[in-house]
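With full-length UniProt numbering, the residue at position 90 of the sequence shown is 90, and numbering never jumps.
Heads up: the structure comes next, in structure tokens.
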Amino acid sequence: MLRHQLISLDLEGLVVLGDREAEHAGIVSFYVDGLASEDIANYLDDDGILVRSGHHCAKPAHKELFGKDSSVRVSFGIYNTEKDIEKLITSLSAATQMLR
């Protein structure tokens with residue numbers, strides 16, 4: 001659900017990594033062109049949303065497959081709700097506006 005909502009989000013420069021059709025187990029990685037993944041992660045953290053930025057222990061593959069040194073990874077579990085997804089999307093939109 002999170003993956004599909006991020007893919008359908010009309011956010012300039014947002015790139016969701018991986019197969020767009022595949023169902024993933026609550027993990028989504030993305031980057032926003034022109035913005036540092038660390039800056040996005042820090043903004044989300046300040047808004048109470050914990051994510052991870054970096055190459056996620058796969059630096060060579062990350063660079064070769066996606067052409068980027070880093071991305072933001074979001075992990076959702078059984079205790080997260082649709083409200084959490086909505087908060088992430090709202091905060092991510094605000095982050096991109098503030099950081100540009």
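We treat Cβ as the ideally placed atom computed from N, Cα and C, and that holds for glycine.
Bounds of the alpha helix (DSSP H) holding L92 are E82 to L99. The alpha carbon of V16 has as its nearest neighbour, out of L92, T81, K87 and D39, the alpha carbon of L92. Here the alpha carbon of S29 sits roughly 8 Å from the alpha carbon of G18. Listed in chain order, the alpha helix (DSSP H) runs fully inside the UniProt domain "Aminotransferase class V" (10-88) are 37-46 and 59-66, counting runs of at least 4 residues. In summary, T96 is buried, with 16 or more beta-carbon neighbours lying within 10 Å of its beta-carbon over all protein chains present. Classified as exposed, A94 has fewer than 16 neighbouring CB atoms from the shown chains inside 10 Å of its CB. Shown here for D33: same chain residues with a beta carbon closer than 6 Å to its own, the five before and five after excluded, namely G13 in chain order. Close CB contacts of I27 within its chain, under the 6 Å cut and outside five residues either way in sequence, are with S75 (chain order).
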